[in-house]
Each structure stands twice: as structure tokens, then as C-alpha cells.
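Protein chains: 2
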Amino acid sequence: MKNIVALAGGVGGAKLALGLYHHLQTTQFSKPAAERKIKDLTIIGNTGDDLELFGVRICPDLDTLLYTLAGLANPVTGWGIEGDTFATFEMLKRYGEECWFQLGDRDFATHLLRTQMLRAGKGLTEVTTQLTEKLGIGCRLLPMCDEDVRTIVQTAESGELPFQEYFVRRQARETVRGLRFEGAENATLSNAVRQAIAEADLIVVCPSNPYLSIWPILAVPQMKETLSASEAPIVVVSPIVGGMALKGPAAAIMRSLGGEETASALAVARLYAGWAQGFVLDQQDREDEEAIRALGFKTLVTNTIMKGTPDKARLALEILGHYKTF
Amino acid sequence: MKNIVALAGGVGGAKLALGLYHHLQTTQFSKPAAERKIKDLTIIGNTGDDLELFGVRICPDLDTLLYTLAGLANPVTGWGIEGDTFATFEMLKRYGEECWFQLGDRDFATHLLRTQMLRAGKGLTEVTTQLTEKLGIGCRLLPMCDEDVRTIVQTAESGELPFQEYFVRRQARETVRGLRFEGAENATLSNAVRQAIAEADLIVVCPSNPYLSIWPILAVPQMKETLSASEAPIVVVSPIVGGMALKGPAAAIMRSLGGEETASALAVARLYAGWAQGFVLDQQDREDEEAIRALGFKTLVTNTIMKGTPDKARLALEILGHYKTF
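Top line first, the protein sequences correspond to chains A and B. Note that the numbering used here gives residue 107 to position 89 of the first sequence, counting from 1, and the numbers run on in steps of one. Note that the numbering used here gives residue 326 to position 308 of the second sequence, counting from 1, and the numbers run on in steps of one.
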């Protein structure tokens, strides 16, 4: 029985987070304590992708995690709420507004409440905790920090772009030359994050884009060191399978930042070598296993492609079983 | 050909405002200048009913005017947008929010844009002008002032209540003992209102509740005097027909503030005597005409019940014709 801390970005990360949560839910109440796999689960989400539109604060990665854990997520897109409508969005267009970032009507409720609480002086950690509780989610979801940190994408064609401008508005077409995390220098580790890490028995880096989803989290001062100093092993789940990102621009970005050969499980492992101790790679990438072990990782080779909830739960269970002891 | 200034509250006021606007539209472009009935139309709306919910500023009367003039209004309720949905509202309920004031999804677009502009430092006059233009409305819609003025209802049962708490949340069930307009002392006449009044040839008080819709407008310092000092005659259209308010709590409020006999066209006329010069009453109230004339009004007795657009346009045309010369 472990306390788990998981670092997650958006859709890919949320899948494994849901797998872990599934175990928390199913083992927490129905089994004797000794057989429980997870004691407590804390998910730390990336907020580098956040933006403000129409006066409301949008946290795309936290929202994806929130909706996924609440069982509300749109299973087709992975983001947004299933069956959501777009009447507000259409009316904003009628008012002549530029609408490049889709916002559902139900989704707006989250943004409205979050913005209202933030304006009332609450921190994003407290706000996120309240939203999580209000949706009946039984694990903790924390933003990486309370301060504003913004991922800025340095592109060859258009210079610096805020993340969503690059990712959504320009559909990730520009060549990425580099990234920076604006405001990270002024961010601080929240008490909630610090405490979750202090109590962790296992730290899982969900299969999220390292550059776009995990680096912003690790850019919070002391985050990387505090995770590293924890006695809990850090296990990274590769977001690259068979040389491809399952979703999003991870592979393309790895190629443009690291060269043509870098979009591989091995390349991901190299990024985390010396900091993480475990590495989970897909069976398609079995040929990388030896090189990854040579980097010092305890590896797990399995099917990492998560389609339905059973897949997610199976992967979570395999990880928990494999990394029970180091 | 006249410059018209109309004072209006919500649904009842918006009907006559639409009738006047219909003439501006139909006569402005198709007829020679000499035959045009309206040169310019400015509607001054009540903002005493405004409220903030979920972090957005809602102006119920301005919204009703905006949607009515844009041809978007819900013809059944008179407020809100036709065919609007309530997905955001339902999701807010799921978050456990108290939702006593219905807010449609399309409607939210208006509140979001307004709030965003206000937070950016624009005044409500400028914001309202922009919303009006964005919806393609060809007349001016002005809030009574830029400052916050709030109608507070003094009730027998629950003490003081903000207007919407009284009107919507408690469904106007309390006995009204009095009203006050919080913040009115600090309000000022905007340049736009001042200029519209200076250029007016006719001032129409639309069939809105005098206490709840017109008094807040007249509570803006200098508003009553500036209207009065204008050379344009002031014509009041009675919101009471056959002893009943066509909509809303006007009759009940008149009774509780002025006694059992006061919910009549004559009672309305008495409220405006000495300030307005014209009075339009319904044919059902013909027996009040002599007494109203004795108060010094030039009267017009006609069918004031506006069902479809033809009714509204007819009433507007009759008023324009009758009060062509004093």
C-alpha cells in the first residue's frame, strides 16, 4: 500500500492518472488494508499551458485531469466534457470575437467558478482542491504551483509564442527551437505539493510530453530537487511509442529540439537519466530496453497504449506491482 | 422628424423601444427625409437591477433591450435569448452552486464580454455601445450612468433586499415598504446621456414600472432636472392597464406603497404630474382620462397592449403622430 504522487500533463497523463485513481477507488473500499494498492493519490498537474480568454482563467491540463477523474471527459477528444455544447462560443462569434480556443458551455462553468475564486484571493491550489471536491473526486489534484508560470514556445517562423497560440491557434505547425517557462523563477513549491512529496512511496511521471508537460512542472524552483531527495523511487512512463507520440506534438518537438534520432523511448529515458530510477516502455520499443537499463533504470516493458479504462487500470497495476520494491 | 430619447426598464419598456426602433429602421432608409418619423433614437436603460453572479456583471434591463432590439429576444419570456440553452447553468448546479437567477449559454457571452471590458477599465456606457454595435443595432442604447447604482427593496418580511433577491429569488412575494437607490448620490450624468437629452425633440417614458424601472434612472443626480429643462416634451406611457401591470410586480408595489386605490393609470399620472407633459393611457382606462387631463397632461387614449411587432410599431407611430406638436 503506497502513497502515490503522479506528475501529469494533459490527455496522455490523465489516462494513467485515471488508471491509478481506479485502483484507489476499487481497492480502497472493498479490500482489507493489506491488499490495497494505493493509500493516497496526489496528481500534480502542469499549469504552464494556462491562458485567460474572455476574462476567465483556463487551465487546460488541470481541466482534462478534473474531467477525466470525475468521469466527465469526452472520450473522443480526451479533453472537454462529454456531450458539451458550444452555445456561448457561437454567441461570442456573433459578437465578432476571435474564437480559436474551443470552450464548451459546461466547461465554462469550471472557468467561471475558478476565476471567481481566484479573484476573491484564493490560490490556485485551494481553488483546484475545491473544484475536485465539488465534483466528488476522491484523490488530490494539485497545480504545480499557485503562481503564474507560462510556457513560451520559441519558434523558427514566428518567434516566441505563448503555448496555446503555438499549439491550438497555429496547430503546432511551427518548428520549435526552444522553450522557456515565464515566471518560473518566482514560483514556489506549495505546502500541499511539498507534503504530498514528503509522504510519497512512489512517484510516477505519467506518459506526458517531457518538454511541454513535465519540464514546466520541474521548472518550479525546488520541485526537481524535492522529488529527487524523496526516498520514493521515480518511475517515468514513456510518452513515445514506436517512435511516435500517441497524441500531440511530442515526437515532432523532440526531433526539432534533439535531432532526427531522438523521438524514441531511449531518447526520453536519456532526458530523465540520473534523476528517475524506473522507466516503463512499450513492448514495441523492446529493442531500447538494454540501452535504457544501461542508463541505470529499472525497466518495465509492457503494453503502454491505454484505450479503455481496463487498459489504464492494467498499466497502473503493472507499474504498482513492478515497482513495489526497488 | 424627431430625435427621440426613451427611458426604459425591462420587458414592457423594451416593447415600445422596439416599436420606436422599428420606425427608425423602416423610415430611415426608404422614405424622403421630410417623411421620416425618427431622426435618431437613444434608449436610456435602468441599471439599478444589475447584479454580479459567478464573477460576471449582469445588466438584466440592458440585456433585455439589447436582445429585443437585435431581434434575438425570447418572445415567450420577453427576457433572454430565443432558443438559448442552459448547459453552463446546469454544470454550475453540478458544482453545487446556488442557481436562482437563470443564465442562458448565449446570454453568458454578453456577460463575459461586458465583464471583460469593464475589468479592462472601460465604462458601462462605452461597453454597452460596443455590444450594441457588435449586434448590428442601429440606435443608441445607454445605461443611465456609468457608476454602480443598486435598487434596494425595503420589505416588511425580510428587511432590505437587493432588487434581484426580491424580484427573482423570492419571486416578488414580500410586501414592499420602500425603495432606495444605493450609490445614486455618487452617480453622474454621462456625456452621452447629456448630449442625447440636449438633442431630443421628444422624450418618451416607456411603459415600465415607475418605482422599479424609472425612479432609478431619475435618481441619477441631474437626470430628472436635465430632462425637465429640455425643450422636448416628456410623454409617459402608462404601464398599468385596467388596474393591472401587464408584467411584473408594478401593480402590487403601487398598492403597497400608495394604498389600495393606486394601481391605476391615474395613479401613475399623478406620479409624473408637473414633470411630464404627455400621458398615454389604455382605452380600458378611458374613465381616468379627464382626471389625467386635469393634472395638466395632453392625453392619448389608445390600445397600449403590445403583442406582436405590428402592435409595437402602431403604438410608437400613434405617439409620434399625437405628440408631433404641443
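No residue lacks a Cβ here, since even glycine has one placed at the ideal position from N, Cα and C.
C-alpha of residue 99 of chain A to C-alpha of residue 24 of chain B: approximately 44 Å in a straight line.
Proximity of residue 152 of chain B to chain A, defined by a Cβ-Cβ separation below 8 Å, is satisfied.
For residue 311 of chain B, the CB contacts under 8 Å within the same chain, skipping 5 residues up- and downstream, are 317 in chain order. The residues 251, 252, 253, 314, 315, 316 and 344, in chain order, have a CB closer than 8 Å to that of residue 295 of chain A in the same chain once the five nearest residues on each side in sequence are set aside. Interface annotation for the stretch 69–85 of chain B against chain A: 72, 73 and 74, criterion Cβ-Cβ distance under 8 Å.
Counted as a single uninterrupted DSSP element, the stretch harbouring residue 107 of chain B is not any beta strand (DSSP E) but the alpha helix (DSSP H) occupying residues 105–112. In summary, no residue of the stretch 167–185 of chain B has a CB separated from any CB of chain A by less than 8 Å.
Its chain contains 207, 212 and 215 as the residues whose beta carbon lies nearer than 7 Å to that of residue 244 of chain A, once the 5 sequence neighbours on both sides are disregarded; these appear in chain order.
In terms of Cβ geometry, residue 84 of chain A and residue 153 of chain A form a close pair [threshold 8 Å].
Closer than 8 Å to the CB of residue 124 of chain A there is at least one CB belonging to chain B. Listed along chain B are 152, each with a C-beta nearer than 9 Å to that of residue 114 of chain A. Boundaries of the alpha helix (DSSP H) around residue 216 of chain B: 209–216.
Residues 25, 62, 64, 162 and 241 of the same chain have their beta carbon placed closer than 7 Å to that of residue 235 of chain A, with the five preceding and five following residues left out of the count. Secondary structure of residue 219 of chain A (DSSP, three-state): coil. A direct Cα-to-Cα measurement between residue 195 of chain A and residue 43 of chain B gives close to 56 Å. In chain B, no part has a C-beta under 8 Å from the C-beta of residue 329 of chain A; the shortest such distance is about 28 Å.
One Cα belongs to residue 232 of chain A, the other to residue 35 of chain A, and the distance between them is close to 14 Å.
Here residue 54 of chain A carries a coil assignment [DSSP, helix/strand/coil]. For the set A:224, A:174, A:167 and A:225, the Cα lying nearest the Cα of residue 205 of chain A is the one of A:167.
Secondary structure of residue 43 of chain B (DSSP, three-state): helix. Per the coordinates, the alpha-carbon of residue 149 of chain A lies some 7 Å from the alpha-carbon of residue 113 of chain B.
Counting only residues of its own chain and dropping the five nearest sequence neighbours on each side, residue 157 of chain A has a CB closer than 6 Å to the CB of 39, 42 and 59.
With a cutoff of 8 Å on beta-carbon distance, residue 271 of chain B and residue 229 of chain B are scored as near each other.
According to the DSSP assignment, residue 26 of chain A belongs to the beta strand (DSSP E) that extends over 20–26. Contact with chain A is found for residue 110 of chain B, since one of that chain's Cβ atoms lies less than 8 Å from the residue's Cβ.
DSSP places residue 327 of chain A within a helical segment (H, G or I) once states are collapsed to three. Put simply, the stretch 330–344 of chain A does not touch the stretch 216–228 of chain B. Fewer than three CB pairs are less than 8 Å apart. Around the beta carbon of residue 116 of chain B, fewer than 16 other beta carbons sit within 10 angstroms, so the residue counts as exposed. DSSP, reduced to helix, strand and coil, places residue 225 of chain A outside both helices and strands of the structure shown, so it counts as coil. Counted as a single uninterrupted DSSP element, the beta strand (DSSP E) harbouring residue 300 of chain A occupies residues 296–300. Cβ-Cβ distances below 6 Å link residue 331 of chain B to 37 and 40 in the same chain, with the five nearest sequence neighbours on each side left out; the list follows chain order. Interface criterion not met: the Cβ of residue 287 of chain B is under 8 Å from no Cβ in chain A. For residue 87 of chain B, the closest C-alpha among the options B:29, B:119 and B:118 is that of B:29. Each of B:125, B:95 and B:179 was checked against the Cα of residue 75 of chain B, and the nearest Cα belongs to B:125. At a cut-off of 8 Å between beta-carbon atoms, residue 102 of chain B makes contact with chain A. By the Cβ neighbour-count rule, residue 118 of chain B is exposed, with fewer than 16 other Cβ atoms within 10 Å of its own.
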